[in-house]
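Numbering (the numbering used here), first residue to last: 524 to 895.
To start, the structure under review is shown below, and the notes come after it.
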Ligand code: ACO
């Protein structure tokens with residue numbers, strides 16, 4: 524059975540920054556309250572021309588560059604987002620088109636902020652089954668478009684951004700070792716976007732009532748998160764036959780500093796075992812774990828050979844954890860010539876390809892109309 528290694532990683536956040544002081548001009552809040560209750564100082568907000576696929580493509584191309592893998596070599600793209608571009612088509616398909624991943628199947632997974640762990644697990648399972656070799660997983664969010672900027676309970680928490688991993692098959696042991704996935708739909712009301720689906724289709728009334736915005740019972744989510752996080756880490760470690768002492772770094776979902784502190788207390792671990800960057804990005808939902816991982820790698824908090832745990836929770840309710848033995852890019856076998864891949868250049872190829880396909884589809888439509 525092949526192993527599923529994480530061989531590439533990338534992140535992207537839009538340039539504009541919204542600080543707590545900026546927020547204090549918009550709603551009745553202040554920097555001190557937000558920092559003390561959440562640990563957040565600032566967050567990035569997408570420009571009008573940026574969408575989940577735009578952000579996701581940037582992160583994906585960086586991840587492919589690290590893995591030295593061409594988009595055309597991908598077999599599978601999974602995108603996970605709490606703020607997808609559309610109900611359908613899947614954001615994964617938009618990313619597939621924009622990076623020119625000509626042979627990849629692409630679909631979305633919806634598990635709110637736990638989506639990245641669930642998606643990496645699904646990609647790893649597909650690799651371990653032997654059915655595919657190369658997968659791309661993208662977590663991408665433009666949450667700023669589904670936040671009520673007059674609601675101080677929610678608007679202080681979230682930010683925009685994207686992160687991506689490339690997973691590849693190898694006979695070398697390591698990579699994704701274990702994962703646990705959990706859900707409890709009885710808590711669905713605690714965190715939801717009630718409007719715009721088929722239960723509550725978008726109408727003038729739903730918009731007037733703000734049902735197209737994130738609704739959250741903050742206290743309920745806080746209680747749930749602190750209950751499940753530490754336990755999920757223990758479960759994933761047990762199933763990997765690993766001990767807490769073996770772990771170099773825990774990368775938790777970045778929702779609230781106090782939630783991470785509670786998990787650290789439960790696990791009797793010092794806070795420096797946890798990668799935390801919620802102060803600079805806020806809660807970027809599905810993108811928070813890959814963004815934190817990329818920064819942990821940049822800061823050498825994660826090195827090749829390290830054992831790492833990812834843990835997350837979110838709407839659904841959903842929660843899960845994953846253990847990984849970090850490998851880094853796979854070495855090129857001596858029998859293979861070292862290839863040089865510049866995934867950024869594929870963007871141009873992908874644009875031309877997409878345009879040609881659209882023109883061909885138009886011509887085909889005109890011709891078939893004549894036949895009828
Ligand atoms: N600024 C100033 N005061 C505020 C603000 C604000 N932004 N928001 C609330 N307050 C006030 C409240 O009105 C309340 O005042 P009162 O005591 O006079 O009534 C007081 O501050 C305390 O409010 P609480 O709601 O009790 O504050 P709490 O400590 O619970 O923190 C928070 C609220 C930060 C939302 C916390 O509950 C939390 O982080 N919950 C988890 C949220 C979360 O992680 N969501 C994402 C999940 S992942 C996903 O799937 C997207």
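Where is the CB? At the ideal position from N, CA and C, for every residue including glycine.
Alpha helix (DSSP H) containing residue i: first to last residue?
i	result
residue 559	554-561
residue 679	It is not in any alpha helix (DSSP H) - residue 679 carries neither H nor E in the DSSP assignment.
residue 770	Here residue 770 belongs to no alpha helix (DSSP H); instead the beta strand (DSSP E) covers 770-775.
residue 780	780-790
residue 666	Run containing residue 666: none; DSSP gives neither H nor E here.
residue 730	727-731
residue 643	638-651
residue 752	741-763
residue 546	543-547
residue 576	575-590
residue 690	Segment 684-693 is the beta strand (DSSP E) holding residue 690; no alpha helix (DSSP H) there.
residue 804	801-804
residue 670	Counting along the chain, residue 670 falls outside any alpha helix (DSSP H), and DSSP gives it neither H nor E.
residue 625	Run containing residue 625: none; DSSP gives neither H nor E here.
residue 815	811-821
Give every residue of the same chain whose Cβ lies closer than 7 Å to the Cβ of residue i, excluding the five residues on either side of it in the sequence, and list them in chain order.
i	result
residue 649	599, 655 and 658
residue 696	526
residue 570	537 and 539
residue 551	675
residue 877	620
residue 759	701, 702, 703, 832, 844, 845 and 846
Which first and last residues belong to the beta strand (DSSP E) in which residue i is found?
i	result
residue 827	From DSSP, residue 827 is part of no beta strand (DSSP E); its letter is neither H nor E.
residue 848	841-848
residue 599	599-603
residue 631	628-632
residue 566	565-567
residue 699	698-706
residue 713	No beta strand (DSSP E) holds residue 713; DSSP gives it neither H nor E.
residue 735	It is not in any beta strand (DSSP E) - residue 735 carries neither H nor E in the DSSP assignment.
residue 838	That residue, residue 838, is in no beta strand (DSSP E); it is neither H nor E in DSSP.
At a threshold of 7 Å, does residue i count as lining the ligand ACO (C-beta to nearest heavy atom)?
i	result
residue 752	no
residue 748	yes
residue 772	no
residue 704	no
residue 679	yes
residue 548	no
residue 808	yes
residue 617	no
residue 636	yes
residue 675	yes
residue 659	no
residue 853	no
residue 552	yes
residue 778	yes
residue 605	yes
residue 714	yes
residue 556	yes
residue 560	yes
residue 744	yes
residue 798	no
residue 843	no
residue 782	yes
residue 837	yes
By the 10 Å Cβ neighbour count, where 16 or more other Cβ atoms means buried, how is residue i classified, buried or exposed?
i	result
residue 707	exposed
residue 791	exposed
residue 645	buried
residue 881	exposed
residue 848	buried
residue 624	buried
residue 746	exposed
residue 709	exposed
residue 545	exposed
residue 768	exposed
residue 846	buried
residue 806	buried
residue 868	exposed
residue 721	exposed
residue 681	buried
residue 793	exposed
Cutting at 6 Å between CB atoms, please list the residues of its own chain near residue i, excluding the five before and the five after it.
i	result
residue 547	553
residue 562	780, 801 and 802
Just checking: is the beta-carbon of residue i within a distance shorter than 8 Å of some beta-carbon in chain B?
i	result
residue 631	Of the chains in the structure shown, none is chain B; there is only one protein chain.
Report all residues from its chain with a CB closer than 8 Å to the CB of residue i; omit the five preceding and five following residues, and keep chain order.
i	result
residue 800	777, 814, 815 and 818
Below 7 Å, is the gap between the Cβ of residue i and the nearest heavy atom of the ligand GTP?
i	result
residue 536	This structure lacks the ligand GTP; its bound ligands are the ligand ACO.
- prompt: Would you call the region 685-694 and the region 620-635 touching, i.e. three or more CB-CB distances under 8 Å?
  reply: no
- prompt: Does the region 724-737 touch the region 668-681, meaning 3 or more C-beta pairs lie closer than 8 Å?
  reply: yes
- prompt: With a cut-off of 8 Å, do at least 3 Cβ pairs link the region 585-596 to the region 831-846?
  reply: no
query: Between the region 551-560 and the region 631-641, are three or more C-beta pairs nearer than 8 Å?
result: no
field: At least 3 beta-carbon pairs within less than 8 Å: the region 573-586 vs the region 601-608
entry: yes
query: Are there three or more Cβ pairs, one per stretch, closer than 8 Å when the region 783-800 is compared with the region 718-728?
result: no
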